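Visitor:
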Amino acid sequence: MTQPDFATVVSRWFQQHARDLPWREPGVTPWAILVSEVMLQQTPVVRVVPAWQAWLARWPDPAALAADTPAEAIRMWGRLGYPRRAVRLRECAVAIVDRHGGQVPDRLEHLLALPGVGTYTARAVAAFAYGQRHPVVDTNVRRVVCRAVAGEPDAGPVTRPADLVATEELLPTEPAAAALASAAFMELGAVICTARSPRCTACPVESICAWRASGQEAPAGPTRRPQRYAGTDRQVRGLLLGVLRDSTGPVPHQRLDQVWTDDVQRARALAGLVQDGLVEPAGADSFRLVGDGPSLPTADLTT
DNA sequence: TTCCGGATAT
DNA sequence: ATATCAGGAA
Numbered sequence: 307m308t309q310p311d312f313a314t315v316v317s318r319w320f321q322q323h324a325r326d327l328p329w330r331e332p333g334v335t336p337w338a339i340l341v342s343e344v345m346l347q348q349t350p351v352v353r354v355v356p357a358w359q360a361w362l363a364r365w366p367d368p369a370a371l372a373a374d375t376p377a378e379a380i381r382m383w384g385r386l387g388y389p390r391r392a393v394r395l396r397e398c399a400v401a402i403v404d405r406h407g408g409q410v411p412d413r414l415e416h417l418l419a420l421p422g423v424g425t426y427t428a429r430a431v432a433a434f435a436y437g438q439r440h441p442v443v444d445t446n447v448r449r450v451v452c453r454a455v456a457g458e459p460d461a462g463p464v465t466r467p468a469d470l471v472a473t474e475e476l477l478p479t480e481p482a483a484a485a486l487a488s489a490a491f492m493e494l495g496a497v498i499c500t501a502r503s504p505r506c507t508a509c510p511v512e513s514i515c516a517w518r519a520s521g522q523e524a525p526a527g528p529t530r531r532p533q534r535y536a537g538t539d540r541q542v543r544g545l546l547l548g549v550l551r552d553s554t555g556p557v558p559h560q561r562l563d564q565v566w567t568d569d570v571q572r573a574r575a576l577a578g579l580v581q582d583g584l585v586e587p588a589g590a591d592s593f594r595l596v597g598d599g600p601s602l603p604t605a606d607l608t609t
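Each step along the first sequence adds one to the number in the numbering used here, with nothing skipped, and position 59 is 365.
(1) Give the DSSP bridge partners of R594, in chain order.
(2) List the endpoints of the continuous alpha helix (DSSP H) containing A516.
(3) Report all residues from its chain with a CB closer than 7 Å to the CB of R449; omit the five preceding and five following residues, and keep chain order.
(4) Anyone know if the C-beta pair for L550 and R505 falls short of 8 Å?
(5) Compare the Cα-Cα distances from P481 to each of V451, G437, N446 and report the closest residue.
(6) I'd like to check one pair, W361 with P328: are the Cβ atoms closer than 8 Å?
(7) Whose CA, out of P600, D598, S592, T538, lies closest to the CA of G574?
(8) Under 8 Å, do A278 and A377 count as touching if we go by C-beta distance?
(9) Just checking my contact of V557 with S592 at CB under 8 Å: how many whole Å lie between their CB atoms?
(10) Compare the Cα-Cα distances from A454 to each of Q564, R391, F491 and report the closest residue.
(11) Just reading off the alpha helix (DSSP H) that L418 is part of, what are its end residues?
(12) Helix, strand or coil: how does DSSP classify P328 here?
(13) By how many angstroms is the C-alpha of G387 removed from the C-alpha of E415?
(14) When you compare only the Cα positions, how much space is there between F320 and T465?
(15) If I follow the unbroken alpha helix (DSSP H) through W358, where does it start and stop?
(16) Could you pull the start and end residues of the alpha helix (DSSP H) that G269 belongs to?
(17) Cα separation between D606 and A428?
Listed below in structure tokens is the structure:
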């Protein structure tokens, strides 16, 4: 609490300029907030909004998702990217039903133990769904705190323990105020203190920003190593999964062979999808999304 | 550390 | 063309 003014100023700005995002509306359940946080992992807000609404219309609580198949979760995920999130989110729903009676847990320790829930997401749910006081540090908050407080040109690619400490010291004592401040920090990084073209003239803390005071206006280079896509296994995985997603039930491997000419890379990509729990063999010559149809009874293997 | 999607803005 | 985007897991 070395700089309570910082959180106060940003929170006040947030209350006047916050984007009207659906998961911020009153009455949104912890489950809906958890779904939003998982979808928002490495995915821009504008792409998440429609997917979030459709997902919750179909599975309004963890039990509903847990009762459906991984295949349907993968289909509903659509083209959000990183489809393993869809499988993990369903596994998360199963764990919530099994361990917590179908209610999203409110303890950090229990949240962290859920599939697909890491340091950021656990703290985000604890703060935004349950109003607890935790530093919630995503890429936006890292950048904001690094710039405005430390005066450094930019943050690193991952959240370090020091980032949590630095952010925690900015939070108000009152839990509700701390949760509000966390949302405000994220919003500031997303809308004003952006990675490439920060809008410092519109920033509510311009006058107390260490980064501005040091005269560093130009953003630094990439904070994350460049991720190529064209020609990588990831592109091939996406193509394969696209065919399976748009089909019903098993797909003959001949159809999958058409998405990529390199046999070795295509086979490696398909094996990866199987390894990751997204795809499974169906009979001798076909593959399908996991759980997309009746599974073969193990007893039949004796015939 | 590396891998894991895919749309969008610059 | 490429950096970015409310990260997580092996």
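Where is the CB? At the ideal position from N, CA and C, for every residue including glycine.
This structure is a prediction, so every number in the text was calculated from the model and none was measured.
Guide: Once the coordinates are examined:
(1) Residue 594 sits at position 288 when you count from the first residue of the first sequence. The partner list for R594 (beta bridge, DSSP) reads E586.
(2) Counted from its first residue, the first sequence places residue 516 at position 210. A516 -> alpha helix (DSSP H) spans 516-519.
(3) Along the first sequence, one-based indexing puts residue 449 at 143. Correct list, in chain order: D460, A461, G495, C499, A501.
(4) For the purposes of this step, residue 550 is taken as the residue at position 244 of the first sequence. For the purposes of this step, residue 505 is taken as the residue at position 199 of the first sequence. Taking a C-beta distance under 8 Å as the contact criterion, L550 and R505 do not qualify as a contact pair.
(5) As a position in the first sequence, residue 481 is number 175, starting the count at 1. If we check each option's Cα against that of P481, G437 comes out closest.
(6) Within the first sequence, residue 328 is the residue found at index 22, counting from 1. Within the first sequence, residue 361 is the residue found at index 55, counting from 1. Contact: no.
(7) Taking the first sequence and counting its residues from 1, the one referred to as residue 574 is at position 268. In the sequence on display, residue 574 carries Arg and not Gly. When only C-alpha atoms are compared, the closest one is T538.
(8) Since the displayed the chain opens at 307 and closes at 609, residue 278 lies outside it and no answer follows.
(9) Against the first sequence, residue 557 aligns to sequence position 251. Against the first sequence, residue 592 aligns to sequence position 286. Indeed, because the Cβ distance is near 6 Å, the residues count as touching under 8 Å.
(10) By one-based count along the first sequence, residue 454 stands at place 148. Closest option to A454, Cα to Cα, is F491.
(11) Position 112 of the first sequence, counted from the start, is the residue given in the question as residue 418. Segment 414-418, the alpha helix (DSSP H) holding L418.
(12) To locate residue 328, count along the first sequence from 1; it is residue 22. Residue state, collapsed to three classes: helix.
(13) Here the question's residue 415 lines up with position 109 in the first sequence. Here the question's residue 387 lines up with position 81 in the first sequence. If you take the alpha carbons of E415 and G387, they lie about 28 Å apart.
(14) Stepping through the first sequence from its first residue, residue 320 is reached at position 14. Stepping through the first sequence from its first residue, residue 465 is reached at position 159. Distance between the alpha carbons of F320 and T465 is about 23 Å.
(15) For this step, residue 358 is matched to residue 52 along the first sequence. W358 -> alpha helix (DSSP H) spans 351-364.
(16) Residue 269 lies beyond the residue range present for the chain, which begins at 307 and ends at 609; the question has no answer from this structure.
(17) For the purposes of this step, residue 606 is taken as the residue at position 300 of the first sequence. For the purposes of this step, residue 428 is taken as the residue at position 122 of the first sequence. For D606, the predicted model reports a pLDDT of 42, less than 50, meaning its position is unreliable and no value from the coordinates is stated.
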